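*Asks:* Right, I'll just put the structure down here and ask away after.
Protein chains: 2
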Amino acid sequence: MATIYDVAREAGVSAATVSRVLNGARTVDPAMVARVLTAVRELGYRPNAVARNLRRSRTTLWAVIISDIGNPFFTATVRGIEDVAQQAGYSVVLCNSDEDPAKEETYVAAALSEQMAGVIISSSGSVKAAKTLLESPVPVVAIDRELPRGEVDTVVVDNEAGARTATEHLLTAGYRRIACITGPEGVSTADLRLRGYAGALPSEPLVVRTDFREQGGYDAMSSLLSSSDRPDAVFVANNLMAVGALRCLADRGVDVPGEMGLVGFDEIPWADLVRPTLTTVAQPTYELGRMAARLLVDRIATPAAKPAKVVLPAELRPRQSSAR
Amino acid sequence: MATIYDVAREAGVSAATVSRVLNGARTVDPAMVARVLTAVRELGYRPNAVARNLRRSRTTLWAVIISDIGNPFFTATVRGIEDVAQQAGYSVVLCNSDEDPAKEETYVAAALSEQMAGVIISSSGSVKAAKTLLESPVPVVAIDRELPRGEVDTVVVDNEAGARTATEHLLTAGYRRIACITGPEGVSTADLRLRGYAGALPSEPLVVRTDFREQGGYDAMSSLLSSSDRPDAVFVANNLMAVGALRCLADRGVDVPGEMGLVGFDEIPWADLVRPTLTTVAQPTYELGRMAARLLVDRIATPAAKPAKVVLPAELRPRQSSAR
DNA sequence: TTGAAAGCGCTAACAT
DNA sequence: ATGTTAGCGCTTTCAA
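Chains as they are written, first to last, in UniProt numbering: chain A, 1 to 324; chain B, 1 to 324.
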């Protein structure tokens, strides 16, 4: 690969001048600019970002560490992040931790080693990854899920209120024994949605914890169906588990919403095309991403500012699965 | 941030020794290893990958440039890539071109500037991006879609055969006037699936081209419904457009599969939960990702080897939407 | 306005 | 087995 010195020689100028031209300094003679650009084109020169980053001690890359690329929730969120990032001159690289704390730690370590300009993370619960990030100088924004013990910029939805609304909706519809399927302890969305559910319930809570995956939801629903204290409705704390639960009910021939009501948290892509259509608590995903990116831009500009916490509203979308 | 020299000073050794310890050289005295590791821990030292990459003139990052992060097709594919990459000592960063050639070009440029160790790309059709990649020394594997005019390692499914099978399936089911909704010209999947469809058809083809998005499928179906030559079945060349088409039919109250048969190419996540369930041509997505990653590993090891082209089979999954 | 030169942090010859 | 040293490619003072 051609280096900046090759270009300099070809154009008959110094490397410093080439650098100035390429970085848009206005103190360069137009004639030289032309010569440099010609040389760049002829040699097919492409600046080595690694060298530049080393010299500048900074990069223009953001790492966005998401917990499950298979969850459509992240699609719109990432788009929101990308749109703001691009405008601010950053490129976004996505890292998929796949709900695996070990992978999350690997990606956090990589982001720091690679001197990324910032990190946006939806924690899969690794305390170690969170600690590493917090002790590092890299600007961090937590999204969707709070960072364990983290005093950092955070963008979440009002999980507790959303869960409460969903549970009250089931009560209003006439369901009496409402269970909750939620995610792993220590993941803030799992815990807060559980709290919202429990708070809305006049009776004793009935809780199953599992992972945030479709299979987890299936298994959880399966165990609820065969329990002695079988519920007549379930609030499911994320979208993929809700789909799993729905599939389980279909497989078992349980009538939804007649025999069993169902509300999920998080939209699923074709919530209105599945049968029965799925009642969900929808989140402003795109806006979540935009907001996180804006916070990160601000944080990079002002590292010492007090961390912000933004809570966006979630909204119930009543559909068939809860309409008794 | 602490540098390798800080660690060296703290441990009372040279920077070279620290480097050796950190890179697992076995020619280091165990006592020194211990001292170095202690110093590393005390200082919270973290190697600067940018400096390392510059010095080594290589990185351990792969760029995976996908054309639409919102398409669930890529979920399993990316997982396949990641699993192989991790085993081979590479980290994967995802870049979402969002079917936008300009974004694709930006990400290709970034991947080259950042000296990424390799690129796996699902082209959104930018000839310029393809050219840039092919003229660069970076190892490239095309996945899902062929790279425009690219003599590179390629992993695709047998699009033509899959489309033919789908079309024949509709004919066998008794549909007579079968249309095709496909993607942009120049995108290999769009063109090959169209060819497979046309090849299987005894009559004149009826084709609508649009983008590969849900809205595109909706609009295309809408125009087919109001055309004078209204079809009784449609083969839709990707998953998102199939969902759009299905939604359009639902909105218009057209009975599927009675009034209109439908087959999509690519699975959708809950094909069996939507109503009617959607007949699709399924692809071995995870295997596609694994294969691409394996080719990339080989290519990095043997840059001069002849490019391979791997064609994996696609498989019809008959469901309700085509069962007249 | 331009060039010379130093140095970002690391690794790998080479020397000891 | 360990240290010395040069240099990866770039940017940015500093001097002219």
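Note that CB positions come from ideal geometry on N, CA and C, so glycine has one too. Predicted model only: the values in this text are computed from it and were never measured.
By DSSP's criteria, residue 61/A is part of a beta bridge. Which residues make up the other side?
*Replies:* 91/A
*Asks:* I'd like to know whether the C-beta atoms of residue 141/A and residue 157/A end up nearer to each other than 8 Å.
*Replies:* Result no, Cβ atoms of residue 141/A and residue 157/A do not sit closer than 8 Å.
*Asks:* Output the distance between the C-alpha atoms of residue 186/A and residue 126/A, rounded to the nearest integer angstrom.
*Replies:* Cα atoms of residue 186/A and residue 126/A: separation of roughly 9 Å, rounded to the nearest angstrom.
*Asks:* Give the secondary structure of residue 171/B by DSSP, where H, G and I count as helix, E and B as strand, and everything else as coil.
*Replies:* helix
*Asks:* Excluding five sequence neighbours on each side, which residues of the same chain lie with their C-beta closer than 6 Å to the C-beta of residue 233/A?
*Replies:* 170, 175, 178 and 261
*Asks:* At what residues does the alpha helix (DSSP H) containing residue 49/B begin and finish?
*Replies:* Counting along the chain, the unbroken alpha helix (DSSP H) around residue 49/B starts and ends at 49-56.
*Asks:* If you count every other CB in all the chains shown that lies within 10 Å of the CB of residue 27/B, and 16 or more means buried, which is it?
*Replies:* exposed
*Asks:* Taking three-plus beta-carbon pairs below 8 Å as touching, is the region 56-63 of chain B in contact with the region 18-32 of chain B?
*Replies:* no
*Asks:* Starting from residue 142/A, follow its DSSP beta bridges and name the residues at the other end.
*Replies:* Answer by DSSP bridge pairing, in chain order: 121/A and 154/A.
*Asks:* Considering only the beta carbon of each residue, do residue 62/B and residue 107/B sit closer than 8 Å?
*Replies:* no
*Asks:* Find out if the Cβ-Cβ distance for the pair residue 281/A, residue 165/A is shorter than 8 Å.
*Replies:* yes
*Asks:* From this set, 65/B, 219/B, 117/B and 81/B, which residue's C-alpha is nearest residue 96/B's C-alpha?
*Replies:* 65/B
*Asks:* Where do the N-terminal and C-terminal ends of the beta strand (DSSP E) with residue 24/A fall, by residue?
*Replies:* Where residue 24/A is concerned, there is no enclosing beta strand (DSSP E), given that its DSSP letter is neither H nor E.
*Asks:* Taking only beta-carbon positions, decide if residue 91/B is within less than 8 Å of chain A.
*Replies:* yes
*Asks:* Below 8 Å between beta carbons: does that hold for residue 231/B and residue 320/B?
*Replies:* no
*Asks:* Taking Cβ positions, are residue 201/B and residue 167/B nearer each other than 8 Å?
*Replies:* yes
*Asks:* Check each residue of the region 96-114 of chain A: if its Cβ is closer than 7 Å to any Cβ of chain B, include it; give the result in chain order.
*Replies:* 96, 110, 112, 113 and 114
*Asks:* Which residues mark the beginning and the end of the alpha helix (DSSP H) in which residue 201/A is found?
*Replies:* Segment: none, residue 201/A is in no alpha helix (DSSP H) and carries neither H nor E.
*Asks:* I need the straight-line Cα distance from residue 273/B to residue 274/A, nearest angstrom please.
*Replies:* 5 Å
*Asks:* Given a cut-off of 8 Å, decide if residue 67/B and residue 124/B are closer than it, judged by their beta-carbon atoms.
*Replies:* Yes; because the gap between Cβ atoms is below 8 Å, this pair is in contact.
*Asks:* What residue range is occupied by the uninterrupted alpha helix (DSSP H) comprising residue 135/A?
*Replies:* 127-135 is the extent of the alpha helix (DSSP H) around residue 135/A.
*Asks:* Comparing alpha-carbon positions, which option in 313/B, 318/B and 235/B lies nearest residue 161/B?
*Replies:* 313/B
*Asks:* Using only CA atoms, which one of 41/A, 80/A, 184/A and 87/A lies nearest to residue 101/A?
*Replies:* 184/A
*Asks:* Near residue 336/B, which residues of its chain fall below 7 Å by C-beta distance, leaving aside the five closest residues on each side in sequence?
*Replies:* With chain B represented from 1 up to 324, any question about residue 336/B goes unanswered, as that position is not in the structure.
*Asks:* Is there a Cβ from chain B that is less than 8 Å from the Cβ of residue 239/A?
*Replies:* no
*Asks:* So, with DSSP's three-state summary, where would you put residue 76/A?
*Replies:* helix
*Asks:* Applying the criterion that 16 or more other CB atoms from any shown protein chain within 10 Å of the CB defines a buried residue, is residue 238/B buried or exposed?
*Replies:* With 16 or more other Cβ atoms within 10 Å, it is buried.
*Asks:* For residue 298/A, I'd like the list of residues in its chain whose CB is within less than 6 Å of its CB, leaving aside the five on either flank, ordered along the chain.
*Replies:* none
*Asks:* With DSSP collapsed to three states, give me the class of residue 238/A.
*Replies:* coil
*Asks:* Of the residues that make up the region 122-148 of chain A, which ones have a beta carbon closer than 8 Å to any beta carbon in chain B?
*Replies:* Going along the region 122-148 of chain A in chain order, one finds 135, 136 and 137 with a Cβ nearer than 8 Å to chain B.
*Asks:* Whose C-beta lies closer than 6 Å to the C-beta of residue 291/B among residues of the same chain, with five residues either side of it excluded?
*Replies:* 155 and 310
*Asks:* Closer than 6 Å by C-beta to residue 214/A: which residues in its own chain qualify, once you throw out the five before and the five after it? Chain order, please.
*Replies:* Around residue 214/A: 240, 243 and 244.
*Asks:* What are the residues that DSSP puts in a beta bridge with residue 327/A?
*Replies:* Past the edges of chain A, shown from 1 to 324, lies residue 327/A, and the structure says nothing about it.
*Asks:* Go to residue 281/B, then tell me how far its beta strand (DSSP E) extends in each direction, as first and last residue.
*Replies:* 279-282
*Asks:* Could you check whether the Cβ of residue 46/A sits closer than 8 Å to any Cβ belonging to chain B?
*Replies:* yes
*Asks:* Looking only at its chain, what residues have a beta carbon closer than 8 Å to the beta carbon of residue 78/A, apart from the 5 residues adjacent to it on each side?
*Replies:* 64, 66, 92, 94 and 289
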